[in-house]
Each structure stands twice: as C-alpha cells, then as structure tokens.
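Remarks on the structure that follows.
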Amino acid sequence: MLTKRIIPCLDIKDGRTVKGINFEQIRDAGDPVELAALYAAHGADELVFLDITATVERRKTLSQLVNKIAHKINIPFTVGGGIQTEEDVYLLLQNGADKISINTAAFNNPRIIQSFSKNFGSQCVVLAIDAKCEENGRWYVYLNGGRVKTDKLVEEWAKQAVDLGAGEILLTSMNHDGTKQGFALDITAQLSENLSVPIIASGGGGNQQHFYDVFTKGKADAALAASIFHYKEVSIPDLKNYLHQQQIPVRL
Amino acid sequence: MSTAIIQYNAGNIQSVLYALERLGVDAIVTDEPEQIKSADKVIFPGVGEASTAMQYLQHKNLDTLITALKQPVLGICLGMQLMCTYSEENNTDCMGIFNEQVKQFKPDNISSKVPQMGWNTITHLQSPLFAGVEENSYVYFVHGYYASIGAHTIAQTNYIIEYSCALHRGNFYGVQFHPEKSAKVGEQIIQNFLSL
C-alpha cells in the first residue's frame with residue numbers, strides 16, 4: 028500500500044539550517060548536510076530544502092550544497108528558493124536534486140510550470156503555495172515568503188498550476204506555521220479532494236496527533252515539518268510508530 | 014568491474030551515479046557504444062516521457078545496442094518501461110525485451126492519485142535481484158504507467174491494481190521503482206545487481 032510521507036524541511040540561509048517562527052525571528056538549527064543524513068537514517072521519506080539566502084551568489088552555493096547532500100543521502104529530496112529559469116532547474120537536477128519547488132516565480136510567470144514540466148517531467152515540479160486564511164474565511168495566495176498578499180484564491184491557483192503541469196502541491200498555511208497547534212485541515216482536504224496530484228501539508232505540526240489528523244481529516248498525502256524535528260520535540264521513528272498503531276500506512 | 018550508466022535525454026542519471034558512489038562503486042556515464050558494450054554491468058535509468066526518450070534512443074541507435082547487450086542490464090523506471098514491447102504513453106513502440114505492454118493507471122477514485130508518488134511495498138519476490146530483501150519491503154515509486162503481470166514478472170506491487178514492479182528475462186532486469194532513492198533496501202538491490 029502506498030504510504031503517507033513524513034518530510035522534514037530544512038530552511039537554508041548561507042549554507043546553514045534555520046527556522047523562522049511565523050516566517051520571522053530566524054534561529055540557527057545546524058548543518059544541513061548532517062541533519063539531512065540524520066533524517067534519512069531516522070526514516071524520513073523525503074527531504075525538502077528551501078534556500079532563503081538573498082544574495083547573488085546563492086545559485087552557486089545552493090548547487091554546491093545540493094551536490095553535497097546528494098552524495099550523502101539515499102532518499103528523494105526537493106530543493107526550492109529563487110528558482111526562475113530552466114537553467115536554474117537543470118543546475119540543481121544535475122547536482123542530484125530529485126524535484127524542485129517553485130513559488131513566487133511561478134505565480135508571476137505561470138508559463139515556467141509548463142516549461143519545467145515539459146522539459147524535466149511533472150514529477151519533479153513541486154508548486155509551493157503560502158496560503159493565508161483572511162477574515163472572510165477564504166484562503167489567499169501570498170508571495171515573497173509571505174510578505175506580499177495577492178487577490179488570488181488558493182484553490183484557483185492550485186488548480187491552474189496542476190493544469191499547467193505541477194506534479195505536487197506543497198501547501199503552507201501561514202495562519203498555522205510555527206504555532207504547533209496543528210495543520211490547516213480544511214484547505215488541505217479541499218485541495219486533496221479536488222486535485223489529481225499529491226498534497227504535502229505544511230505549517231502547524233506540533234505533535235503526533237496533528238499528523239494523524241492531517242492524514243485523516245486533512246486527506247494529505249504527505250506532511251512536512253521543520254522545527255519540531257530540528258529541536259527533537261518529535262522524533263521521526265516515534266511519529267511513524269504512532270501512526271502505524273493508528274492504522275495509517277507508513278514506511279517503518 | 015566496470016559499470017556503465019547509459020546517458021540519454023531522460024533525467025535522474027546523476028542520482029544513479031551518486032547512489033553507486035555511495036556504495037563505493039565507480040561508474041561511467043556514457044552514450045559511447047564501445048564503452049557500453051565493454052562494461053561488466055549496464056544501468057539504463059530514466060525519468061521522463063516514453064515517446065521522446067524512445068525517439069532519442071533510436072536516433073542514437075542506442076535501442077538496438079541495448080537489445081543486443083549480453084552482460085547484466087538493469088532498467089530503472091522509464092528505462093524498464095522502454096524495455097517492454099509497447100507503452101500507452103503517446104502510443105510508443107518500445108524495445109520489446111520484456112513481453113509486456115505498459116499501460117496507464119486509471120484512477121478508481123480521488124484517493125488514488127496518478128502518478129503514484131511515494132513509498133510502496135514489493136511482494137512475490139523471486140529473483141537473485143532481491144536476495145536479502147524481505148517481502149513487503151518499501152521502495153520509492155514515481156510513475157503514471159505500469160507493466161502488467163506476466164511471464165517475466167519477478168516482483169509485484171499493488172497500486173489501483175496489482176502490477177509488475179520488476180521484470181527479468183535472460184540478462185535483462187527492470188525495476189519500476191527507484192532503487193537509487195530507496196534507502197537501504199534500494200542499496201541492497203543495487204548491490205545484488207552488481208553481484209550478478
């Protein structure tokens with residue numbers, strides 16, 4: 028049976044792992060290559076690396092980091108952050124990334140979803156959406172790491188992206204991110220039920236029960252978290268054993 | 014021992030190379046006929062679309078080269094599919110090494126997404142390729158098309174239906190999953206192939 032995936036996310040800045048709380052207040056959480064190898068050994072099903080470095084040197088440093096990671100880990104991994112052109116994608120895939128994640132650049136120029144999926148296959152194109160639920164109860168797409176609001180509804184953008192060739196949706200709820208109060212179940216389930224591609228839920232995972240909820244009520248295919256794994260608040264083996272006991276299919 | 018990874022226009026070649034490096038195996042990535050023919054083991058990887066990949070292989074005469082190889086050959090994912098007779102993906106005639114047709118997954122309901130992406134179990138293991146690998150081990154899959162079960166099946170997986178996740182005929186082996194991304198189990202399978 029196809030299992031639900033547990034995906035640790037490593038936010039990378041200048042080659043180090045960091046994690047923001049509500050997208051701010053960045054703390055250092057360690058060497059990404061070491062962490063990646065540790066997570067792979069602990070049974071992580073995939074890894075996501077998001078580069079939040081804002082320098083012009085980022086492309087080179089990121090591809091070097093990806094190369095180091097690829098030599099060390101034996102599970103699939105996704106890389107995102109500042110990817111805009113086919114050349115960017117090619118460089119990362121050449122250095123061993125399995126998938127790339129795009130966000131703001133895809134929103135501003137949706138045609139790149141099409142060109143990336145045509146040239147590299149839709150299986151390697153992950154569309155990341157930063158979503159925020161407004162007072163009217165509707166979910167809107169935010170850009171630039173959550174700093175810029177758009178008028179686009181999340182379900183519309185996700186559908187459009189899948190039609191263009193996105194192979195997976197990484198949905199982060201800004202309302203939940205960093206709170207450790209649980210994932211955004213409603214919008215995750217809504218996307219999962221209406222789209223043909225896997226949905227990775229992100230933002231809010233704080234304990235084992237939250238993961239159970241996002242796989243059952245949230246109908247997510249995968250769940251992503253960062254700080255609870257980095258700071259060892261939840262261990263991946265314990266989490267997977269718990270989910271297994273709760274009849275959720277996981278890889279043990 | 015020399016290992017050649019066939020270079021062509023279908024993705025993830027680096028991943029296979031790095032997986033071999035992690036096992037301490039030196040491999041060359043090449044589309045040179047002589048280098049491929051003289052290798053002790055040949056790996057034919059692939060992620061992508063069948064008709065484009067097949068056209069490229071035909072253009073480079075790599076299809077006839079692969080079919081005529083005598084040493085152990087391992088096709089991975091699209092590589093395995095291209096070694097079958099035919100793929101429904103853009104009605105593509107393939108190499109015909111394995112006597113199976115490649116069909117598209119038809120989702121039975123919304124809980125079955127296509128492509129299958131993630132970790133699933135392998136069962137009915139019957140080949141030295143799976144020496145030391147337990148029934149129901151997990152490996153990593155990404156695919157929207159599958160080979161049915163037939164005479165060349167050496168392992169099965171269930172996703173929407175029961176299908177062949179590995180095929181074997183003579184010196185040719187194919188796996189639908191990605192051993193290069195399947196943690197310890199994948200490493201064992203690659204080691205087994207290299208020990209054939």
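So the sequence lines, in the order shown, correspond to chains A and B.
With the first sequence counted from 1, adding 27 to any position gets you the numbering used here.
With the second sequence counted from 1, adding 13 to any position gets you the numbering used here.
Where a beta carbon is used, it is the ideal one built from N, C-alpha and C, also for glycine.
(1) For D265 (chain A), count the other beta carbons within 10 Å of its own beta carbon; 16 or more makes it buried, fewer makes it exposed. Which is it?
(2) CB-CB under 7 Å to L75 (chain B), same chain, minus the five flanking residues each way: which ones, in chain order?
(3) What is the DSSP secondary structure of Q150 (chain A), reduced to helix, strand or coil?
(4) Between the Cα of Q236 (chain A) and the Cα atoms of A:S200, A:L212 and A:G123, which residue gives the shortest distance?
(5) Measuring only the C-alpha atoms, how far is I79 (chain B) from L138 (chain B)?
(6) Please list, in chain order, the residues of the segment 99–116 of chain B that have any C-beta partner in chain A closer than 7 Å.
(7) Tell whether a beta-carbon distance below 8 Å holds between D157 (chain A) and M201 (chain A).
(8) Spatial neighbours of E51 (chain A) within its chain, please: CB distance less than 8 Å, with the 5 preceding and 5 following residues excluded, ordered by chain position.
(9) Please state the DSSP three-state secondary structure of H191 (chain B).
(10) Measuring only between beta-carbons, confirm whether M93 (chain B) sits less than 8 Å from chain A.
(11) Out of B:S150, B:Y151 and B:L142, point me to the one whose CA is closest to I203 (chain B)'s CA.
(12) Checking 8 Å against the spacing of the C-beta atoms, do K246 (chain A) and S229 (chain A) come in under that value?
(13) May I have a chain-ordered list of the beta strand (DSSP E) segments no shorter than 3 residues that lie completely inside the segment 27–58 of chain B?
(14) Under 6 Å Cβ to Cβ from H72 (chain B), same chain only, skipping five residues before and after it: list those, please.
(15) For D58 (chain A), which residues in the same chain have their Cβ closer than 8 Å to its Cβ, ignoring the five residues on either side in sequence?
(16) Out of curiosity, what's the CA-to-CA distance linking A52 (chain B) and Q273 (chain A)?
(17) Mapping the DSSP letters down to three states, classify N268 (chain A) as helix, strand or coil.
(18) So, are the CB atoms of M93 (chain B) and Q150 (chain A) less than 8 Å apart?
(19) Excluding the five sequence neighbours on either side, which residues of its own chain have a C-beta within less than 8 Å of the C-beta of P137 (chain A), listed in chain order?
(20) Here's the rule: buried if 16 or more other CB atoms are within 10 angstroms of the residue's CB, otherwise exposed. What is G24 (chain B)?
(21) Rounded to a whole number of angstroms, what is the C-alpha to C-alpha distance between V93 (chain A) and N221 (chain A)?
(22) With 8 Å set as the bound, which would you pick, yes or no: does the beta-carbon of E113 (chain A) sit closer than that to a beta-carbon of chain B?
(23) Using a Cβ-Cβ cut-off of 8 Å, state whether I102 (chain A) counts as contacting chain B.
(24) Could you work out which residue in A:Y169, A:S254, A:C160 and A:N101 is closest to E34 (chain B) when comparing CA atoms only?
(25) In terms of alpha-carbon separation, which member of A:H98, A:M28 and A:L89 lies closest to T116 (chain A)?
(26) In this structure, how does DSSP classify R278 (chain A) when only helix, strand and coil are distinguished?
(27) Quick check: the segment 175–183 of chain A against the segment 139–155 of chain A, are there 3 or more CB pairs under 8 Å?
(28) Run through DSSP, which three-state label would F111 (chain B) get?
(29) Please tell me whether V60 (chain B) has its Cβ less than 8 Å away from any Cβ of chain A.
(30) Could you name the residues of the same chain whose beta carbon sits closer than 6 Å to that of I48 (chain A), not counting the 5 residues immediately before and after it, in chain order?
(31) Return no unless some Cβ of chain B is closer than 8 Å to the Cβ of H203 (chain A).
(32) Mapping the DSSP letters down to three states, classify N49 (chain A) as helix, strand or coil.
(33) By DSSP, does H156 (chain B) sit in helix, in strand, or in coil?
(34) Using a C-beta cutoff of 8 Å, does K126 (chain B) count as contacting chain A?
(35) Rank B:A66, B:I56 and B:I26 by C-alpha distance to the C-alpha of T16 (chain B) and give the top, closest one.
(36) Interface residues of chain A around T43 (chain B) at Cβ under 8 Å?
According to the structure shown:
(1) Walking along the first sequence from the start, residue 265 (chain A) turns up at place 238. D265 (chain A) should be labelled exposed.
(2) Sequence index remark: in the second sequence, residue 75 (chain B) carries index 62 (1-based). Answer for L75 (chain B): I19, Y21 and D44, listed in chain order.
(3) For the purposes of this step, residue 150 (chain A) is identified with residue 123 of the first sequence, where counting begins at 1. In this structure, Q150 (chain A) counts as helix in the three-state DSSP scheme.
(4) For the purposes of this step, residue 236 (chain A) is taken as residue 209 along the first sequence, with counting starting at 1. Here the closest residue by C-alpha is A:L212.
(5) Here the question's residue 79 (chain B) lines up with position 66 in the second sequence. Here the question's residue 138 (chain B) lines up with position 125 in the second sequence. Computed Cα separation, rounded: 25 Å.
(6) none
(7) Taking the first sequence and counting its residues from 1, one reaches residue 157 (chain A) at position 130. Taking the first sequence and counting its residues from 1, one reaches residue 201 (chain A) at position 174. Contact flag set, yes.
(8) For the purposes of this step, residue 51 (chain A) is taken as the residue at position 24 of the first sequence. For E51 (chain A), the predicted structure reports a pLDDT of 43, less than 50, and the residue's modelled location is therefore unreliable. A value from the coordinates is still provided. For E51 (chain A), where only same-chain residues beyond five positions count, there are no Cβ hits under 8 Å.
(9) Taking the second sequence and counting its residues from 1, the one referred to as residue 191 (chain B) is at position 178. Here H191 (chain B) sits in coil by DSSP.
(10) The residue labelled residue 93 (chain B) in the question sits at position 80 within the second sequence. Cβ-Cβ to chain A under 8 Å: no for M93 (chain B).
(11) Your numbering for residue 203 (chain B) matches position 190 in the second sequence. Minimum Cα distance to I203 (chain B) is reached at B:L142.
(12) Walking along the first sequence from the start, residue 246 (chain A) turns up at place 219. Walking along the first sequence from the start, residue 229 (chain A) turns up at place 202. Against a cut-off of 8 Å, the Cβ pair of S229 (chain A) and K246 (chain A) comes out as no contact.
(13) 40–43 and 54–57
(14) Here residue 72 (chain B) refers to the residue found at position 59 of the second sequence. No residues qualify anywhere along the chain.
(15) Position 31 of the first sequence, counting from 1, holds the residue named residue 58 (chain A). These residues qualify, in order along the chain: R43 and T44.
(16) Indexing the second sequence from 1 puts residue 52 (chain B) at position 39. Indexing the first sequence from 1 puts residue 273 (chain A) at position 246. Spanning the two alpha carbons is a distance of roughly 49 Å.
(17) Working through the first sequence from its first residue, we reach residue 268 (chain A) at position 241. The answer is helix: DSSP assigns N268 (chain A) an H, G or I state.
(18) By one-based count along the second sequence, residue 93 (chain B) stands at place 80. By one-based count along the first sequence, residue 150 (chain A) stands at place 123. No, the Cβ-Cβ distance between M93 (chain B) and Q150 (chain A) is not below 8 Å.
(19) Counting from one through the first sequence, the residue named residue 137 (chain A) turns up at place 110. Hits under 8 Å: Q187, A188 and L191.
(20) In the second sequence, counting from the first residue as 1, residue 24 (chain B) sits at position 11. G24 (chain B) should be labelled buried.
(21) Here residue 93 (chain A) is taken as the residue at index 66 of the first sequence, counted from 1. Here residue 221 (chain A) is taken as the residue at index 194 of the first sequence, counted from 1. Cα to Cα, V93 (chain A) sits roughly 33 Å from N221 (chain A).
(22) On the first sequence, residue 113 (chain A) is found 86 positions in, with the first residue counted as 1. It does not: the Cβ of E113 (chain A) has no partner Cβ on chain B nearer than 8 Å.
(23) Numbered from 1 along the first sequence, position 75 holds the residue referred to as residue 102 (chain A). Chain B contact via Cβ: present.
(24) For the purposes of this step, residue 34 (chain B) is taken as the residue at position 21 of the second sequence. Ranking A:Y169, A:S254, A:C160 and A:N101 by Cα distance to E34 (chain B) puts A:N101 first.
(25) Numbered from its first residue, the first sequence carries residue 116 (chain A) at position 89. The sequence given here has Val at residue 116 (chain A), not Thr. Minimum Cα distance to V116 (chain A) is reached at A:L89.
(26) Here residue 278 (chain A) is taken as the residue at index 251 of the first sequence, counted from 1. If DSSP states are grouped into helix, strand and coil, R278 (chain A) belongs with coil.
(27) no
(28) Translated into positions along the second sequence, residue 111 (chain B) becomes position 98. F111 (chain B) falls in the coil class under three-state DSSP.
(29) To locate residue 60 (chain B), count along the second sequence from 1; it is residue 47. Judged by the 8 Å Cβ criterion, V60 (chain B) is in contact with chain A.
(30) Here residue 48 (chain A) refers to the residue found at position 21 when the first sequence is read from its first residue. Since pLDDT at I48 (chain A) reaches only 43, below the 50 mark, its modelled position is unreliable, and no value is offered.
(31) On the first sequence, residue 203 (chain A) is found 176 positions in, with the first residue counted as 1. It does not: the Cβ of H203 (chain A) has no partner Cβ on chain B nearer than 8 Å.
(32) Counting from one through the first sequence, the residue named residue 49 (chain A) turns up at place 22. Any reading at N49 (chain A) must be qualified, since the residue scores a pLDDT of 41, below 50, and its modelled position is unreliable; the value itself is stated next. Reduced to three states, the DSSP call for N49 (chain A) is coil.
(33) Taking the first residue of the second sequence as 1, we reach residue 156 (chain B) at position 143. In this structure, H156 (chain B) counts as strand in the three-state DSSP scheme.
(34) By one-based count along the second sequence, residue 126 (chain B) stands at place 113. True, the Cβ-Cβ gap to chain A drops below 8 Å.
(35) For the purposes of this step, residue 16 (chain B) is identified with residue 3 of the second sequence, where counting begins at 1. The shortest C-alpha separation from T16 (chain B) is found at B:I56.
(36) The residue you call residue 43 (chain B) lines up with position 30 of the second sequence. None at all; the shortest Cβ gap to chain A is about 16 Å.
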